[in-house]
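Numbering (full-length UniProt numbering), first residue to last: 1 to 328.
The following block contains the structure:
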């Protein structure tokens with residue numbers, strides 16, 4: 001059976017799938033990234049995992065994978081196929097596409113994790129059918145993926161979509177990027193966690209706890225939450241002024257708060273727009289499977305340049321929390 005390998009590399013774990021020619025998810029697996037052993041070990045783990053997936057396809061489906069797609073965090077040079085830098089994995093200038101292609105003997109596509117997740121959300125998730133969308137996951141940091149006609153824009157230097165480093169509070173909190181007042185220092189899940197822990201006096205409190213306190217009417221939690229929502233709305237209005245997306249997709253851990261986030265966010269964005277066309281603001285649909293699904297789409301695009309029109313993976317039975325989908 002014709003299939004491709006899809007691999008999503010995170011800071012602590014890797015998710016993978018074999019995707020059939022008709023879009024069916026044939027096999028799913030997970031592995032630890034093993035970053036505690038250093039960057040060379042991480043690269044080795046990726047190559048070994050991909051080789052295992054390749055062998056599984058031969059054994060169970062009678063043929064090797066035709067291509068592979070891999071999504072990684074950090075700075076990614078997609079054109080050259082190089083994982084340029086990732087602080088949480090410790091690597092620099094890793095020619096990952098070439099290494100995988102040599103190991104597997106098939107064409108390989110390398111993508112940035114957020115842009116790859118955005119590709120999946122745009123084609124088969126919350127942005128399906130939208131000709132222009134912006135995908136913004138709110139996690140440890142904030143990044144973005146700009147979707148245009150079924151593809152995601154990387155930019156001339158691979159930095160397109162980095163909305164987390166739009167300055168929304170000039171002269172504000174220092175950011176590791178070197179600026180002050182960046183969006184992700186106010187509206188990421190980690191920023192909300194830090195602010196709520198300080199406000200409630202519990203060092204272990206996080207953004208999910210803050211959201212629960214907001215839902216219960218805690219005024220201090222409402223203050224912390226609204227400050228984050230206002231900063232996020234400022235950044236998003238800047239983005240929609242420049243990009244004019246039809247759909248704005250919000251994902252990541254903070255989006256799990258549901259209407260506790262989306263109701264005030266929609267109101268805050270609506271209050272800020274003047275001449276701009278208000279986009280539809282929706283939660284992401286694919287959760288933490290988006291990167292893996294997007295990697296599969298990247299691989300299939302290598303085989304079919306008209307990828308946006310090809311069949312999409314069937315995700316109806318995909319449950320990332322199902323232990324039966326996790327292998328040791």
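Think of the CB as a built atom: it goes at the ideal place given N, C-alpha and C, for glycine as much as any other residue.
If you look at residue 147, you'll find it in the beta strand (DSSP E) that goes 145-148. Counting every other CB atom within 10 Å of its CB across the protein chains shown gives residue 14 a total of 16 or more, marking it as buried. For residue 126, there is no enclosing alpha helix (DSSP H), as DSSP marks it with neither H nor E.
Using a Cβ distance threshold of 7 angstroms, residue 89 and residue 35 count as a contacting pair. The criterion of a C-beta distance shorter than 7 angstroms is satisfied by residue 112 and residue 76. Taking 8 angstroms as the upper bound for CB-CB distance, residue 19 and residue 300 are in contact here, some 7 angstroms apart.
Of the other Cβ atoms in all chains shown, fewer than 16 fall within 10 Å of the Cβ of residue 63; this residue is therefore exposed.
Across the structure, residue 167 and residue 274 are spaced so that their CA atoms are roughly 20 angstroms apart. Apart from the 5 residues on each side of it in sequence, residue 272 sits with its Cβ closer than 8 angstroms to the Cβ of 233, 234, 237 in its chain, given in chain order. CA-CA distance, residue 283 to residue 193, rounds to 20 angstroms.
Contact annotation: residue 253 and residue 189 have beta-carbon atoms nearer than 7 angstroms.
Residue burial is scored here from C-beta neighbours: residue 72 has at least 16 other C-beta atoms within 10 angstroms and is therefore classed as buried.
Going by DSSP, residue 27 is part of the beta strand (DSSP E) stretching over 25-32. Where residue 60 is concerned, the enclosing alpha helix (DSSP H) starts and stops at 39-61.
Your pair residue 150 and residue 123 checks out as a contact, with CB atoms roughly 6 angstroms apart and the cut at 8 angstroms.
Of all C-beta pairs linking the stretch 203-216 to the stretch 151-165, fewer than three are shorter than 8 angstroms, placing the two stretches out of contact. Annotation for residue 175: 165, 181, 182, 184, 185 place their beta carbon closer than 8 angstroms to its own, counting only its chain and skipping 5 residues before and after.
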